[in-house]
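To start, the structure itself, in structure tokens.
Numbering (the numbering used here), first residue to last: 7 to 88.
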């Protein structure tokens with residue numbers, strides 16, 4: 007049974023998850039929605055934040071933040087930079 011008519015193997019998302027709790031969450035981390043674009047100048051990542059979607063850019067001049075952002079992968083929970 008094929009749900010979607012995907013032409014390439016990466017076009018068919020096979021996994022999803024839902025996290026539920028009865029206890030109110032005091033704070034939530036942002037989630038990386040797509041593989042970040044890493045360049046010598048910056049790391050650009052699409053994040054799902056408590057306020058909605060955000061395109062976050064981490065410049066290479068912010069050395070510690072840039073080094074951390076280079077290791078971001080799809081689905082990672084990250085602190086928002088800036």
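Idealized CB from N, CA, C, for every residue including glycine.
Because the structure is a prediction, the values reported are computed rather than measured.
Minimum Cα-Cα distance from residue 73 among the listed residues 52, 29, 44 and 62 corresponds to 44. The three-state reading of DSSP puts residue 75 in helix, counting H, G and I together. Listed as beta-bridge partners of residue 55 by DSSP are 58. Under the DSSP assignment, residue 31 falls outside any beta strand (DSSP E); it carries neither an H nor an E label.
Excluding the 5 residues flanking it on each side, residue 53 has same chain C-beta neighbours closer than 8 Å at 36, 37, 38, 39, 59, 60, 61, 62, 84 and 86, in chain order.
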